[in-house]
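Take a look at the structure below.
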Amino acid sequence: MNTNLTKKISLQSLRLTFRFILPLVAALALLAFAIVPVVEKLIFYWFIRDMDVQSKFITGTIQEPIVELLQKGNATKINSLLMNAIKEERLYALGYCNREGKLVYRTKNFPRHLGCKLPGSDAGKPQSLLHLPQGPVHVAINSVEQYGNPAGSLVILQDMSFVERRSDDTKKYVVALFVVIAVVISVITVFIAHISWRGWMDGMRALLRGEGLIRPFSQPTTSELQPLVGDLRTLLRTFETERRFADDVTVSWTPEALRDLLRKQLAGERILVVSNREPYIHRRGKAGIEVNRPASGLVTAIEPVMRACSGIWIAHGSGSADRETVDRNDLVPVPPDHPEYTLRRIWLTKEEEIGYYYGFANEGLWPLCHIAHVRPIFRSNDWKHYVEINRRFAEAVVRESSTDDPVVLVQDYHFALLPKMIRKALPKATVITFWHIPWPNPESFGICPWREELLLGMLGSTILGFHTRLHCNNFLATVDRYLETRIEYESSTIHNRGKLTLVESYPISIQWPSPLHQKLPPPEVCRAEVQRSHGFDEEMMIGVGVDRLDYTKGILERLRAVERLLEIHPEMIGRFTFIQIAAPSRSSLEDYQSLDNQVRALATRINERFSTYSYQPICLKLEHHEPEVVNSYYRAADVCMVTSLHDGMNLVAKEFVAAREDEQGVLVLSQFTGAAQELHEALIVNPYHIEQTADALYRALTMPDYEQKERMRSMRSLVRDFNVYRWAGRMLIDASRIRQREKLAGRIGERYEG
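The sequence shown begins at 121 in our numbering and counts up one residue at a time.
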């Protein structure tokens, strides 16, 4: 009886399995044949766009030499230039047309019937694709300019025969992929059905509810489906990575693009930003109330995003006139000259500021996360203030939220507990926490007495962002060491108490283009002004460093490198001076007071060694400078030194690159910054190695102009494309997808329960 029943169940499961497999295979086959033409069109479109971009690059490359040769009237060299250019693979022919649209120069294989117009221009619909006996070619006509005026046009023909070959290969791969998917799914389905029909059904119900795949933070799926779920997660992660790369290639990140993103993907949601530092500080001055922008990399990064997105910025009101400028709800529109978003200020007593900010945040967490040889200090009273202030900011977020599912950007180490508090009050909120400083290894973080509370607070985040993948991995390892959670390393997610946190790297950047650069004079004018104000002659080479006065920035190491430079290369005495701009920071703390004294003493000693009547090698400017002034120094300098001993990103490096419109100047950059992983054309140094840094400084000062231009052009291209709008956009896109996934999971769960 039992044997017959078992056979009956097995037969039923096998029958149902094939009833499922056959339609699935048929559907996959139809889908494959439907997708192939779409893929073929997409490939063709991508290559056409790639050819357009490449043609502009070719035009930009040979524009200068061809204009010079035209002025000289050297036809032989012009033809030689064009012939040399088409030696590049896929470049078929070149032609040059004068201002009147007459073809005056061309390579031998240039089609005589083509002329200076795109095919089909007379018909009103020009075509960029031309079919020749040799095969299809892409035609592009780009303007050649001289001093901003049209000098003619360059007709570029690129061979596209390889597109057909790629298209044929793609068809084969797509069909093969669907065949493999069909086989794999069929085998897995048969395997699962024969192991346990009931387990298979339970697993499918779990997947339909969103458990383990759509909502991986809920209860795990049955063991029979666990291998499949893992493979699907990995596949989704791969698709997500490829989609991010495609977005980076196709999207031009601007304020308008960011606004469009909010409107389309987040239904026009206003963003709530929470940070300790406020973007505008009102202080009482001699002339009344003055407005200042603090020297903060965080403010530099977030402020243009808020201008683009509108919303509310919640921050500690620390200015002496801050209370006088807010309304009864502690709100003030900013920027003062042209309001684009709202600043909500939170008030702290002196005791709370000492405990929460100076104590736990900056005597505890700051040195804990920076490997800079300063011991962290933890006090129970400081921890109490830290908890209370995080709670106060959480209450402000709830009050300022116009919906029950706001998008909140929590900034930095001052608010490690805030994400959990927000999620407790607003369970549907999307909380994006960005940690602007490094994250240490698990052993170092274990020093903190309240490590579990901090980690649980941060895991209230929907998305937890760091600058680099290394910091993400350190965080995952720390959670693995100290908490009972489930970590999916392949998807970089943490499942804790029914909640999911995505841990991802988002390298922060700066605004591009900066409105400051439109206001400032050209670099040569800035240089002349800096030389005049400091009494330098025109031959004086200038180095600059811009930092907060902080022990993590490597200011002492930098000055020692300057001293070593003058020792090794005495010919630089009287020819090179270094200007160190350092805004005082946390000056009430003993370690910062000690650093101030050490910097002043070292600068004095170096100046006493090498100064003459009219020359001193070190110029200290230990005071706050407005961004316009700082950027004028960037534009005036021959070299900028960033020698941080440990840094999350360091935006000074990117600010210097962005300021150099003349494509001159050299960046000496510490290997211990996040920026060193992006700005590879900088001179990368170990700031602890004084001789190495001094050698890099000498190399920077003696680097030829053409090499400076090549390096700076490459770095400027990266900073332009990977700007602060991309940084914010990437996080918001990920947040949008998670919100959509959660809503879908909720609908599936409701239908299943119904």
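C-beta: ideal position from N, C-alpha, C; glycine also.
Straight-line gap, residue i to residue j (C-alpha atoms, nearest Å)
i: Ser-522; j: Gln-385; result: 18 Å
i: Glu-398; j: Arg-464; result: 9 Å
i: Lys-544; j: Leu-669; result: 38 Å
i: Leu-162; j: Phe-282; result: 15 Å
i: Asp-172; j: Phe-565; result: 51 Å
i: Tyr-671; j: Leu-686; result: 24 Å
i: Ile-853; j: Pro-633; result: 22 Å
i: Val-264; j: Pro-256; result: 25 Å
i: Asp-726; j: Gln-736; result: Looking at the sequence shown, residue 726 is not Asp but Ile. One C-alpha to the other measures close to 9 Å.
i: Leu-88; j: His-809; result: With the chain covering only 121 through 874, there is no way to say anything about residue 88.
i: Gln-700; j: Asp-600; result: 42 Å
i: Gly-694; j: Asp-815; result: 18 Å
i: Cys-236; j: Val-839; result: 36 Å
i: His-744; j: Trp-486; result: 22 Å
i: Ser-734; j: Gln-812; result: 29 Å
i: Tyr-712; j: Ser-705; result: 7 Å
i: Gly-405; j: Lys-619; result: 49 Å
i: Arg-647; j: Leu-709; result: 36 Å
i: Asp-525; j: Arg-680; result: 52 Å
i: Arg-617; j: Ala-549; result: 17 Å
i: Val-750; j: Glu-563; result: 39 Å
i: Leu-574; j: Arg-846; result: 29 Å
i: Phe-730; j: Leu-715; result: 23 Å
i: Pro-414; j: Ile-675; result: 20 Å
i: Cys-429; j: Arg-390; result: 7 Å
i: Met-769; j: Tyr-754; result: 18 Å
i: Ser-764; j: Trp-559; result: 16 Å
i: Ser-837; j: Ile-542; result: 38 Å
Inter-residue CB distance, residue i and residue j (contact presumed, cutoff 8 Å)
i: Arg-499; j: Gly-479; result: 6 Å
i: Ile-432; j: Leu-392; result: 5 Å
i: Leu-803; j: Val-786; result: 6 Å
i: Asp-450; j: His-402; result: Contact doesn't hold; Cβ gap of about 13 Å is too wide.
i: Leu-879; j: Ile-206; result: Outside the shown range of the chain (121 to 874) lies residue 879, about which nothing can therefore be said.
i: Ile-567; j: Leu-488; result: 6 Å
i: Asn-501; j: Gly-475; result: 6 Å
i: Leu-622; j: Asp-532; result: Contact doesn't hold; Cβ gap of about 18 Å is too wide.
Secondary structure of residue i, DSSP reduced to three states
i: Val-446; result: coil
i: Glu-691; result: helix
i: Ile-491; result: coil
i: Trp-433; result: strand
i: Ala-213; result: strand
i: Phe-698; result: strand
i: Met-203; result: helix
i: Ser-856; result: helix
i: Phe-167; result: helix
i: Asn-229; result: coil
i: Ser-714; result: helix
i: Asp-279; result: strand
i: Arg-780; result: coil
i: Leu-709; result: coil
i: Cys-739; result: strand
i: Gly-268; result: coil
i: Ile-261; result: strand
i: His-402; result: strand
i: Asp-667; result: strand
i: Ile-497; result: coil
Exposed unless 16 or more other CB atoms sit within 10 angstroms - verdict on residue i
i: Gln-860; result: exposed
i: Arg-850; result: buried
i: Arg-780; result: buried
i: Val-527; result: buried
i: Ile-630; result: buried
i: Asp-767; result: buried
i: Ala-514; result: buried
i: Thr-822; result: exposed
i: His-556; result: buried
i: Thr-793; result: buried
i: His-493; result: exposed
i: Arg-427; result: buried
- Where are the alpha helix (DSSP H) runs, 4 residues long or more, that stay fully inside the region 504 to 581, in chain order? 538 to 545, 562 to 565 and 571 to 578
- Item | beta strand (DSSP E) runs wholly inside the region 746 to 823, at least 3 long, in chain order | 759 to 762, 786 to 790 and 803 to 805
- Message: Report the start-end ranges of each beta strand (DSSP E) in the region 612 to 651 that is 3 residues or longer and not cut off at the edges.
- Response: 613 to 616 and 619 to 625
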